[in-house]
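Peer 1:
In this note's numbering, the protein residues as written are 630 to 861.
1. What does DSSP give as the partner residue(s) for residue 748 in the beta ladder?
2. What number of angstroms, rounded off, separates the C-alpha of residue 723 from the C-alpha of residue 838?
3. Beta-carbon within less than 6 Å of residue 755's beta-carbon, same chain only, minus the 5 sequence neighbours each way: which residues are those?
4. Within 8 Å (strictly less), CB to CB, does residue 772 reach chain D?
5. From the DSSP output, read off the bridge partner residues of residue 674.
6. Could you name the residues that DSSP lists as bridge partners for residue 739?
7. If you measure between the beta carbons of residue 672 and residue 680, is that distance less than 8 Å?
8. Report the CB separation of residue 853 from residue 792 in whole angstroms; it is logged as a contact under 8 Å.
9. Can the beta-carbon of residue 785 be found closer than 8 Å to that of residue 851?
10. Whose CA, out of 816, 651, 703 and 840, lies closest to the CA of residue 688?
11. Apart from the five residues on each side of it in sequence, which residues of its chain come closer than 8 Å, Cβ to Cβ, to residue 653?
12. How would you call residue 775, buried or exposed, if buried means at least 16 neighbouring beta carbons within 10 angstroms?
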């Protein structure tokens, strides 16, 4: 068994059971586990080979940052709610104020967005998909992207009257809303009908750089003057 497979099997067992006791901790994982302990993500007793997970999402995020294990396989150890929380925390690391599972009603339709973040005038709307390299044909991808873009367009219309309360904005601000579809595949960032499909391992660099090529992405402008709102 390869060293990488030994590490992956150890992490799988740790996340699935919540703790490991009396089992050798792979040497290459000890530094990151010490860091996780310092961050309050795990309890760690090296002498007795004991680890207890206190924050699953935080531990996976730390492992992803260290690039010790495959992004796709590691992320699939989280459920979809945890995956959304992972994406939200990445946004917050870039000073975005975030909301997860934001529900809004427009034209009698109740809809939900996975993650919405605002930083200054910039608003990112994340659709968090656990798509792998085995996702499927282009036709299915097209349907998903079109559906997401339509939902964001309805959110933009709703936001024209509700941004004031949702984001606690005072005075006039022109917001720029950018929809982003986050996946777990290990590939390049793609742009499909204006919507960026960003692999999770590239999300940080995308957030850091997307304003440089905003003109090539689908984006919407909202003026925040109206204070009327009906946030659920």
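Cβ atoms here follow ideal geometry from the backbone N, Cα and C, with glycine treated the same way.
Peer 2: The structure says:
1. One-based indexing of the chain shown puts residue 748 at position 119. Per DSSP, 751.
2. For the purposes of this step, residue 723 is identified with residue 94 of the chain shown, where counting begins at 1. For the purposes of this step, residue 838 is identified with residue 209 of the chain shown, where counting begins at 1. About 12 Å.
3. As a working mapping, residue 755 is identified with position 126 in the chain shown. The residues are 716, 743, 744, 809 and 811.
4. Considering every chain present, this structure includes no chain D. It has just one protein chain.
5. The residue you call residue 674 lines up with position 45 of the chain shown. Note: residue 674 sits in a beta bridge opposite 679.
6. Within the chain shown, the letter at position 110 stands for residue 739. Answer is 734, bridged to residue 739.
7. The residue labelled residue 672 in the question sits at position 43 within the chain shown. The residue labelled residue 680 in the question sits at position 51 within the chain shown. Contact flag set, yes.
8. Position 224 of the chain shown, counted from the first residue, corresponds to residue 853. Position 163 of the chain shown, counted from the first residue, corresponds to residue 792. Confirmed, Cβ separation roughly 4 Å.
9. To locate residue 785, count along the chain shown from 1; it is residue 156. To locate residue 851, count along the chain shown from 1; it is residue 222. Closer than 8 Å, so yes.
10. Counting from one through the chain shown, the residue named residue 688 turns up at place 59. Of 816, 651, 703 and 840, the residue nearest in Cα terms is 703.
11. Position 24 of the chain shown, counting from 1, holds the residue named residue 653. Counting only Cβ-Cβ distances below 8 Å, and skipping sequence neighbours, we find 678.
12. By 1-based counting over the chain shown, the position of residue 775 is 146. The residue in question, residue 775, is exposed, as its Cβ has fewer than 16 Cβ neighbours within 10 Å.
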